[in-house]
Amino acid sequence: MSWRYLPVSDWKPRFGRIYLLRGLLFIVAAFFHSQSAAQSSLDGNKLLTLWAGSLPIILTAPHGGREAIPGIPARRGIGVAQFTAERDSNTAELAEALAVKLRQRLGAAPFLVIARFERKFVDANREPGSAYEAAQAKTYYDNYHRALGDAAQAIRQKWGSGLLLDIHGQGEQAVTIYRGTDNGKSVSQLHQQFGASALTGPKSILGYLASRGYKVLPDLGGKERETRYTGGYTTRTYGSHQGTKIDAIQLELGSDLRAKANLERTAGDLAQAIEIFTREFLLRDLSAGAPGQSPAP
Ligand SMILES: [Zn+2]
Numbered sequence: 001m002s003w004r005y006l007p008v009s010d011w012k013p014r015f016g017r018i019y020l021l022r023g024l025l026f027i028v029a030a031f032f033h034s035q036s037a038a039q040s041s042l043d044g045n046k047l048l049t050l051w052a053g054s055l056p057i058i059l060t061a062p063h064g065g066r067e068a069i070p071g072i073p074a075r076r077g078i079g080v081a082q083f084t085a086e087r088d089s090n091t092a093e094l095a096e097a098l099a100v101k102l103r104q105r106l107g108a109a110p111f112l113v114i115a116r117f118e119r120k121f122v123d124a125n126r127e128p129g130s131a132y133e134a135a136q137a138k139t140y141y142d143n144y145h146r147a148l149g150d151a152a153q154a155i156r157q158k159w160g161s162g163l164l165l166d167i168h169g170q171g172e173q174a175v176t177i178y179r180g181t182d183n184g185k186s187v188s189q190l191h192q193q194f195g196a197s198a199l200t201g202p203k204s205i206l207g208y209l210a211s212r213g214y215k216v217l218p219d220l221g222g223k224e225r226e227t228r229y230t231g232g233y234t235t236r237t238y239g240s241h242q243g244t245k246i247d248a249i250q251l252e253l254g255s256d257l258r259a260k261a262n263l264e265r266t267a268g269d270l271a272q273a274i275e276i277f278t279r280e281f282l283l284r285d286l287s288a289g290a291p292g293q294s295p296a297p
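Just so you know, the sequence shown maps onto residues 1 to 297 in the numbering used here.
The following block contains the structure:
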């Protein structure tokens with residue numbers, strides 16, 4: 001058979017106009033109903049920058065956000081240990097610039113989870129009881145950690161294991177980068193597989209940065225312990241000592257390294273450091289972000 005095309009004027013609505021209108025109203029109502037159900041979850045995502053990656057690398061930045069959460073008062077922190085609401089200036093921008101540079105270098109993007117909400121409303125690097133106060137803030141916190149958990153899960157499924165870098169800023173030493181791993185706990189898998197060189201050797205992230213003139217603490221001799229910045233909720237929760245298969249390192253960058261004028265350079269050097277580490281330890285056979293494969297027989 002062949003289709004016969006009716007001229008437009010021959011088309012008749014299948015139902016009368018009233019039915020058509022009712023049907024339309026029903027569809028519109030159903031749409032808005034489902035929208036409102038999903039709305040609180042969507043609101044939480046509005047203040048996040050999220051990339052689904054195609055590399056076994058997650059970059060997170062919980063403290064660089066600049067946006068207020070509408071209708072929520074600032075946290076007061078009563079009874080919260082180590083309470084601070086201070087922003088880690090330019091770490092959101094740095095994490096994003098770093099992700100872009102990594103994608104350029106490796107031809108594949110990392111996973112990226114950036115909080116755009118101000119720390120004074122939600123601290124995404126604290127356990128839930130210390131992270132927020134207003135009930136409406138929960139969804140922002142939950143969405144941040146859902147994204148992080150999903151990224152870790154995706155990496156385990158596709159690559160088996162991976163790396164998480166949690167990007168922060170410190171105001172104590174302007175040109176120093178502190179490493180935080182709970183003195184090795186959150187990178188225990190990496191250490192087991194490759195020894196100390198994966199954390200402090202010339203092809204480690206911090207080792208390469210030191211070779212470029214960055215001051216790194218604890219120093220790379222391996223004798224100093226982490227005392228000042230030892231990691232946080234993120235590295236403690238998602239690190240490989242928890243059986244996550246994700247080695248987690250907190251990086252605390254000094255204020256000069258995060259100054260606007262230096263962001264591109266810092267992001268570029270970090271990207272190069274991560275690329276060297278990735279090719280040496282993470283994906284020895286890196287081809288467009290594909291999982292590491294043994295060579296064909
Ligand atoms: Zn921080």
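C-beta atoms are modelled at their ideal positions from N, C-alpha and C, and glycine is treated no differently.
Residues near Gly201 by beta carbon distance below 7 Å, same chain, minus five either side = Against the sequence shown, residue 201 aligns to sequence position 201. So the list reads Gly207, once near-sequence residues are dropped.
ask   = Between the C-alpha atoms of Phe277 and Ala210, what's the straight-line distance to the nearest angstrom?
value = Start at 1 with the first residue of the sequence shown, and residue 277 comes out as number 277. Start at 1 with the first residue of the sequence shown, and residue 210 comes out as number 210. One C-alpha to the other measures close to 14 Å.
query = How many whole angstroms separate the CB atoms of Asp150 and Ala248, which I take to be in contact at a CB cut-off of 8 Å?
reply = If you number the sequence shown from 1, residue 150 lands on position 150. If you number the sequence shown from 1, residue 248 lands on position 248. Not a contact, Cβ separation roughly 16 Å.
query = If we count Cβ pairs, one from each stretch, closer than 8 Å, do we get three or more for the stretch 187-205 versus the stretch 77-87?
reply = no
ask   = Is it true that the CB of Lys138 sits closer than 8 Å to the CB of Ala74?
value = Residue numbering aside, residue 74 sits at position 74 when the sequence shown is read from its first letter. Residue numbering aside, residue 138 sits at position 138 when the sequence shown is read from its first letter. Going by C-beta atoms, Ala74 is not nearer than 8 Å to Lys138.
task = Classify Arg76 as helix, strand or coil using the three-state DSSP reduction.
result = Sequence index remark: in the sequence shown, residue 76 carries index 76 (1-based). Coil at Arg76, not helix or strand.
query = Do Asn90 and Arg225 have their C-beta atoms closer together than 8 Å?
reply = By one-based count along the sequence shown, residue 90 stands at place 90. By one-based count along the sequence shown, residue 225 stands at place 225. Cβ distance not < 8 Å, so Asn90 and Arg225 don't count as in contact.
request  = Give the secondary structure of Gly221 by DSSP, where H, G and I count as helix, E and B as strand, and everything else as coil.
outcome  = Mapped onto the sequence shown, residue 221 falls at position 221. Residue state, collapsed to three classes: coil.
query = Is the distance from the Cβ of Thr266 to the Cβ of Ser186 below 8 Å?
reply = Translated into positions along the sequence shown, residue 266 becomes position 266. Translated into positions along the sequence shown, residue 186 becomes position 186. For Thr266 and Ser186, no; Cβs fall outside 8 Å.
Close beta carbons around Glu280, own chain, < 7 Å, minus the five adjacent residues each side = The residue given as residue 280 occupies position 280 in the sequence shown. Closer than 7 Å at the Cβ level, and outside the excluded window around Glu280, lie Lys203.
request  = Note down the Cα distance separating Tyr233 from Glu127, rounded to an integer number of angstroms.
outcome  = Counting from one through the sequence shown, the residue named residue 233 turns up at place 233. Counting from one through the sequence shown, the residue named residue 127 turns up at place 127. In a straight line, the C-alpha of Tyr233 is about 6 Å away from that of Glu127.
ask   = Which of the three DSSP states, helix, strand or coil, is assigned to Lys215?
value = Position 215 of the sequence shown, counted from the first residue, corresponds to residue 215. Note: Lys215 maps to strand in three-state DSSP.
query = Given a threshold of 16 other Cβ atoms within 10 Å of its Cβ, counted over all protein chains shown, does Gly254 qualify as buried or as exposed?
reply = As a first step, residue 254 must be located in the sequence shown, where it is residue number 254. When all chains shown are included, Gly254 counts as buried.
key: Rounded C-alpha distance that separates Val81 from Tyr140   = Taking the first residue of the sequence shown as position 1, residue 81 is located at position 81. Taking the first residue of the sequence shown as position 1, residue 140 is located at position 140. Strictly speaking, residue 81 in this sequence is Ala, with Val absent from that position. Between Ala81 and Tyr140, the C-alpha separation is close to 21 Å.
request  = Out of Lys245, Ile177, Val100, point me to the one whose CA is closest to Pro218's CA.
outcome  = Position 218 of the sequence shown holds residue 218. Closest option to Pro218, Cα to Cα, is Ile177.
key: Coarse secondary structure for Ala68, derived from DSSP in three states   = Along the sequence shown, one-based indexing puts residue 68 at 68. In the structure shown, Ala68 sits in coil (DSSP, three-state: anything other than H, G, I, E or B).
Best match in Glu93, Thr244, Gly53, Ala52 for proximity to His168 [C-alpha to C-alpha] = Within the sequence shown, the letter at position 168 stands for residue 168. Among Glu93, Thr244, Gly53, Ala52, the Cα nearest to that of His168 is on Glu93.
inquiry  = Taking only three categories from DSSP, how would you classify Ala61?
reply    = The sequence position of residue 61 within the sequence shown is 61, counting from 1. Here Ala61 sits in strand by DSSP.
inquiry  = Can you tell me whether Glu96 is helix, strand or coil according to DSSP?
reply    = Within the sequence shown, the letter at position 96 stands for residue 96. Looking at Glu96 - three-state DSSP - the assignment turns out to be helix.
inquiry  = Could you pull the DSSP bridge partners for Phe117 from this structure?
reply    = Here the question's residue 117 lines up with position 117 in the sequence shown. Phe117 pairs with Glu67.
query = Comparing alpha-carbon positions, which option in Leu164, Asp269, Leu270 lies nearest Gly53?
reply = Counting from one through the sequence shown, the residue named residue 53 turns up at place 53. It is Leu164.
inquiry  = Check for me: the beta strand (DSSP E) holding His191 runs from which residue to which?
reply    = If you number the sequence shown from 1, residue 191 lands on position 191. Note, His191: premise wrong, no beta strand (DSSP E); alpha helix (DSSP H) at 188-194.
request  = Apply the 10 Å Cβ neighbour rule to Arg103 and answer buried if 16 or more other Cβ atoms are within range, or exposed otherwise.
outcome  = On the sequence shown, residue 103 is found 103 positions in, with the first residue counted as 1. Buried, since its Cβ has 16 or more Cβ neighbours within 10 Å.
request  = Locate the alpha helix (DSSP H) running through His145, then write down its first and last residues.
outcome  = In the sequence shown, the residue the question calls residue 145 occupies position 145. From DSSP, the alpha helix (DSSP H) with His145 extends over 138-159.
ask   = If Val113 and Leu48 are in contact, beta carbons under 8 Å, what's the gap, nearest whole angstrom?
value = Working through the sequence shown from its first residue, we reach residue 113 at position 113. Working through the sequence shown from its first residue, we reach residue 48 at position 48. With a Cβ gap of about 7 Å, Val113 and Leu48 count as contacting.
request  = Quick one: residues in its chain with C-beta nearer than 7 Å to the C-beta of Ala131, no 5 flanking neighbours on either side, listed in chain order?
outcome  = Position 131 of the sequence shown, counted from the start, is the residue given in the question as residue 131. Within the same chain, Ala131 has close Cβ partners Val122, Asp123, Ala124, Tyr141.
message = Let me confirm a value: Ile78 is counted as buried when at least 16 other C-beta atoms fall within 10 Å, else exposed. Which label applies?
response = Counting from 1 along the sequence shown, the entry for residue 78 is found at position 78. Exposed, by the Cβ-count rule.
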